Amino acid sequence: MSTTPAARRSLFRKKPVGALVHETGADREGGELARSIGLFQLTMFGVGATVGTGIFIVLSEAVPEAGPGVVVSFILAGITAALTAVCYAELASTIPVSGSSYSYTYATMGEIVAFGVAACLLLEYGVSSAAVSVGWGQYLNEFFSDVFGFGLPDAINAAPGEGGFINLPAVVLVTLCGLLLMRGARESATANTIMVLIKLTVLLLFVVIGFSAFQGSNLEPFAPFGVAGIGIAASSIFFSFIGLDAVSTAGEEVHNPQRTLPLAIIFATVIVTTVYVLVAIAGVGAQPYGQFEGQEAGLAAILREITGSNVWPAILAAGAVISIFSVTLVTLYGQTRILFAMGRDGMIPSVFHRVDPHTLVPVRNTMIVCAFVGLLAGFVPLGVLIDLTSMGTLIAFTVVSIGVIILRRTQPDLPRGFRVPLYPVVPLISALFCLYLITGLPGTTFLLFALWLGVAAIVYFTYSVRHSLLARGIADTSEEPRQ
Amino acid sequence: MRYLVALTALGGQDALSLGRVLARTGDVELTVCVVIPETWGYPSPARVDAEYAAFLQQYTDNAIAEARASLGDDERADFVVTSASSASEGLINAAEAAGAALISLGSARHGPLGRFTPGGIANEMLHASPVPVALAPQGYRPSPGTRLSRVTCAFSGSTQSRSAFDAAAQLSRRHGVPLRLITFVVRDHQMYPSLVGYDAEDLVAEQWRAQAREAQERALDTLPEDVAVEAGVIDGQNWDDAVHSLSWEEGEVLVVGSSRLGPVARVFLGSNSTKVVRSSPVPVLVVPRGADVHLDDVEPATRGSEQER
């Protein structure tokens with residue numbers, strides 16, 4: 000198939016910004032929520048969306064790869080997350096509505112790139128909620144064992160690859176969250192702050208108890224697998240930093256975005272990274288790195304090793320169960336709304352953007368997402384899920400970072416609410432860090448990711464290319480992009 | 000056409016006021032119904048049952064006399080007393096016996112003035128009533144001579160709201176008043192934090208708005224020519240907000256469908272129609288799922304919508 004210039008143009012057709020604004024009803028009088036998010040709240044959103052995705056489960060995956068040097072991996076992943084968040088913030092502030100990187104890419108880099116980013120976001124949200132719910136299941140089981148003295152049998156508590164048949168607790172969690180979302184339940188800003196406090200409290204509890212059992216000898220050798228090991232671990236760990244983009248997407252809702260956005264990103268990253276590093280030091284200081292492999296509900300297991308009591312692990316597990324629940328709810332929600340936006344654009348079938356008249360929520364969309372995520376959570380091993388999520392997120396963030404550079408060149412006069420400092424150094428370094436972390440992922444992840452992109456390409460070229468509203472000339476193109 | 004007024008101990012006067020407003024137009028007769036508890040059929044020792052029966056007799060006499068006095072001479076009304084094991088059962092039996100097309104009911108007393116708060120009887124009626132139930136707000140006292148002035152239908156395009164629409168159209172035709180079709184776009188589902196931006200819900204709301212307009216147009220197409228109708232979409236950050244950003248006339252009635260939620264769902268979530276009922280400053284006509292809607296002898300709207308289904 001030879002690509003003519005016209006065909007190439009249509010694959011890279013861009014959605015007019017005016018259409019984006021019109022779809023959200025922001026150009027009408029009233030209707031939209033009057034919002035103004037302050038620095039504190041925005042920071043809390045960032046921390047709330049991030050802590051809980053990975054820190055509770057990632058040590059048992061990452062420490063065997065890096066040894067005690069995992070502490071450095073956390074810092075490396077944290078820096079990468081901060082850099083990408085800053086780039087994300089510029090892209091977000093260029094578009095006058097807040098949305099996902101799918102919408103931004105569609106408006107700035109064209110349809111096919113947007114579709115690719117959306118395929119990655121499906122990994123960032125859909126697959127990560129599966130991974131998170133698997134972790135939830137581990138902590139629930141831990142809680143049961145601590146309090147009642149018995150846990151679920153492996154057959155119904157682990158994926159087929161991990162010695163079980165189905166991971167039932169994870170499926171149950173996804174179902175519960177799905178039911179809540181279908182009824183239109185949501186997490187309020189206050190609930191988020193409470194969740195943040197619960198998470199930070201149990202993590203600090205872990206740190207305090209962990210330090211009481213600190214043994215310098217456990218830190219030696221610091222990097223048994225060398226720099227490469229540290230890099231490889233950072234790739235998996237990046238998973239636990241997903242959610243910092245919750246800050247960047249706030250866009251126009253914040254007061255004085257030029258100041259508030261970067262500050263909130265920095266504060267959130269510093270808080271999250273500090274907590275993670277403390278947890279990592281406490282963890283690797285408390286037990287030799289060889290013991291991490293295969294440890295379920297890792298943090299609680301370490302606490303039991305140290306204290307010999309069931310009380311502390313039970314408290315930590317309870318905190319984890321509550322807060323991971325809220326994280327799963329939020330990520331599942333994000334996934335449904337991304338698909339909603341795609342359905343709205345005609346990229347995927349319209350069933351994804353039908354609103355149910357009873358609950359005023361896209362119910363079918365939510366059901367499909369939960370079925371998909373539930374299957375992943377029930378039958379795919381945790382390590383695979385984590386690496387796939389990291390892969391998708393890192394690719395999406397690479398595109399975003401490069402997008403900042405492309406957009407500065409192609410549309411230099413576009414008004415930007417927030418500009419990346421030290422351009423072009425920051426977006427370049429950001430993209431390079433992402434690419435470096437990607438190289439640390441295992442070969443199977445690359446294979447799965449290639450398969451996934453293949454599926455996405457098939458969907459795009461068989462369905463979206465013809466049904467896209469832009470292709471059919473239906474989208475509101477009355478308004479040209481702002482110049 | 001006959002409407003039944005439930006002359007309960009609580010809110011009986013409100014139900015009566017609402018009945019009067021509805022009976023001033025549309026060739027409507029009222030049946031005012033008092034339900035008394037069933038008594039045992041046999042005489043008991045010391046004749047305590049006779050004393051109780053006498054008390055009940057006096058109670059109903061007083062209630063009916065009071066109702067008769069407040070109705071005056073300008074309304075055609077008859078009065079019935081029925082005994083049943085529960086108030087709702089008695090009311091339903093009386094409505095069936097009288098061939099009533101609608102039951103007017105008052106509010107529980109613990110709610111705020113000017114709003115309807117469902118009490119025990121109302122909850123049972125909304126689940127079991129074979130005909131639409133008109134709910135009068137607490138302390139409903141429209142100025143003298145008020146008649147039904149407009150019918151507003153809360154419309155979402157769901158099956159239940161189709162029957163609400165049928166009822167509203169019939170009511171407006173029978174009483175010769177304009178019909179207003181309203182869809183609420185309530186934006187109370189904001190998630191914090193949102194990973195996809197805080198406009199995501201605006202996108203959903205906008206889509207809902209478009210779907211609502213389509214559904215409204217489809218419904219309006221089934222209306223006969225002689226109904227004066229306006230349609231609108233109303234935004235709000237919550238149900239109360241949305242209901243109150245509408246203008247309401249004295250003598251207006253709001254019509255909503257009801258989905259008959261299960262007991263657990265009712266306690267923890269409440270349906271949208273419950274939220275509308277609790278917020279409404281005007282009387283609300285609730286059409287329970289599966290209720291007979293025969294407010295108009297001609298029933299053109301029902302015929303039209305059945306064709307469409």
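Order-wise, the sequence lines are chains A and B. Following numbering that gives the first Met the number 0, the residues of the first sequence are numbered contiguously, the last one being 482. Following numbering that gives the first Met the number 0, the residues of the second sequence are numbered contiguously, the last one being 308. We put the beta carbon where it would ideally sit given N, CA and C, even for glycine. All of these numbers come straight from a predicted model, not from anything done at the bench.
Quickly, what does DSSP pair residue i with across the bridge? List them, please.
i	result
Ala83 (chain B)	B:Pro36
Leu180 (chain B)	B:Cys152, B:Ala230
Asn122 (chain B)	For Asn122 (chain B), which the question treats as bridged, DSSP gives no partner whatsoever.
Phe78 (chain B)	B:Val31
Val132 (chain B)	B:Ile102, B:Val285
Ser257 (chain B)	B:Pro287
Tyr2 (chain B)	B:Leu29, B:Leu101
Gly235 (chain B)	B:Val185
Val252 (chain B)	B:Val150
Val253 (chain A)	A:Ile36
Asn156 (chain A)	A:Asn166
Give the interface partners of residue i over in chain B, defined as CB-CB distance under 8 Å, in chain order.
i	result
Val398 (chain A)	Result: empty, since nearest Cβ-Cβ is about 16 Å, beyond 8 Å.
Glu304 (chain A)	Chain B residues near Glu304 (chain A): none, gap ~34 Å exceeds 8 Å.
Ala130 (chain A)	Within 8 Å Cβ-Cβ: nothing; Ala130 (chain A) doesn't reach chain B, min ~15 Å.
Glu487 (chain A)	Outside the displayed range of chain A (0 to 482) lies residue 487 (chain A), so it cannot be described from this structure.
Asn191 (chain A)	Tyr191, Pro192
Glu110 (chain A)	Within chain B, no residue comes near Glu110 (chain A); the closest Cβ sits about 18 Å away, beyond 8 Å.
Ala18 (chain A)	Within 8 Å Cβ-Cβ: nothing; Ala18 (chain A) doesn't reach chain B, min ~12 Å.
Cβ closer than 7 Å: which chain B residues qualify as neighbours of residue i?
i	result
Thr461 (chain A)	What Thr461 (chain A) touches in chain B: nothing, since even the nearest Cβ is about 25 Å away.
Asp244 (chain A)	Leu194
Pro361 (chain A)	Val203
Arg336 (chain A)	Val195, Ala199
Ser493 (chain A)	The shown model of chain A, from 0 to 482, leaves out residue 493 (chain A), and the question about it has no answer.
Pull up the CB-CB distance for residue i and residue j, whole angstroms please, since I reckon it's below 8 Å.
i	j	result
Ile241 (chain A)	Glu123 (chain A)	6 Å
Ser59 (chain A)	Phe238 (chain A)	With a Cβ gap of about 13 Å, Ser59 (chain A) and Phe238 (chain A) do not count as contacting.
Val252 (chain B)	Leu222 (chain B)	So it is not a contact: roughly 18 Å between Cβ atoms.
Thr52 (chain A)	Val326 (chain A)	6 Å
Leu436 (chain A)	Leu387 (chain A)	So it is not a contact: roughly 14 Å between Cβ atoms.
Leu15 (chain B)	Ser69 (chain B)	6 Å
Under 8 Å, Cβ to Cβ, is there at least one residue of chain C near residue i?
i	result
Leu253 (chain B)	No chain C appears in the structure shown, which is made up of the protein chains A and B.
Within 10 angstroms of its Cβ, does residue i collect 16 or more other Cβ (buried), or is it exposed?
i	result
His254 (chain A)	exposed
Glu216 (chain B)	exposed
Asp72 (chain B)	exposed
Val424 (chain A)	exposed
Ser103 (chain B)	buried
Asp145 (chain A)	buried
Glu37 (chain B)	exposed
His352 (chain A)	buried
Ser211 (chain A)	exposed
Ala33 (chain A)	Residue confidence is low: Ala33 (chain A) scores 47 on pLDDT, short of 50, so the model does not pin down where it sits. Its coordinate-derived value is still stated next. Counting Cβ neighbours within 10 Å, Ala33 (chain A) comes out exposed, since fewer than 16 surround it.
Arg465 (chain A)	exposed
Ser162 (chain B)	buried
If I measure Cβ to Cβ from residue i and keep anything under 7 Å in the same chain, skipping five residues before and after, which residues do I get?
i	result
Ala100 (chain B)	Met0, Arg1, Tyr2, Val130, His293, Leu294
Leu112 (chain B)	Gln137, Gly138
Thr397 (chain A)	Ala430, Cys433, Leu434
Thr104 (chain A)	Val112, Ala113, Val116, Val398, Gly402
Leu17 (chain B)	Ser103, Ala133, Ala135, Tyr139, Pro282
Gly382 (chain A)	Glu60
Name the chain A residues whose beta carbon is nearer than 7 Å to that of residue i?
i	result
Ala94 (chain B)	The contacting residues do not exist; Ala94 (chain B) stays about 28 Å from chain A at best.
Gln206 (chain B)	Arg343, His352, Val354
Met190 (chain B)	Arg185, Glu186, Val329, Tyr332
Leu202 (chain B)	Glu22, Thr23, Phe339, Ala340, Arg343
Val185 (chain B)	Leu359
Apart from the five residues on each side of it in sequence, which residues of its chain come closer than 6 Å, Cβ to Cβ, to residue i?
i	result
Leu413 (chain A)	Thr93
Val201 (chain A)	Leu315, Gly318
Phe417 (chain A)	Ala88, Glu89, Ser92, Pro256, Gln257, Leu260
Regarding residue i and the ligand GDP, is the C-beta to nearest heavy atom distance less than 7 Å?
i	result
Arg182 (chain A)	This structure lacks the ligand GDP, and indeed carries no ligand of any kind.
Could you name the residues of chain A that residue i contacts, counting a contact when the two beta carbons are closer than 8 Å?
i	result
Gly119 (chain B)	Within chain A, no residue comes near Gly119 (chain B); the closest Cβ sits about 25 Å away, beyond 8 Å.
Gln210 (chain B)	Arg353, Val354, Pro356
Gly156 (chain B)	Pro356
Ser258 (chain B)	His357
Run through chain A and tell me which residues come within less than 9 Å of residue i, C-beta to C-beta.
i	result
Ser246 (chain B)	Result: empty, since nearest Cβ-Cβ is about 15 Å, beyond 9 Å.
Can you list, in chain order, the residues of its chain whose CB lies under 8 Å from that of residue i, leaving out five sequence neighbours each side?
i	result
Phe149 (chain A)	Phe143
Ile74 (chain A)	Thr272, Val276
What residues from chain B crowd round residue i, counting only those whose CB sits closer than 9 Å?
i	result
Phe44 (chain A)	Tyr191, Pro192, Ser193
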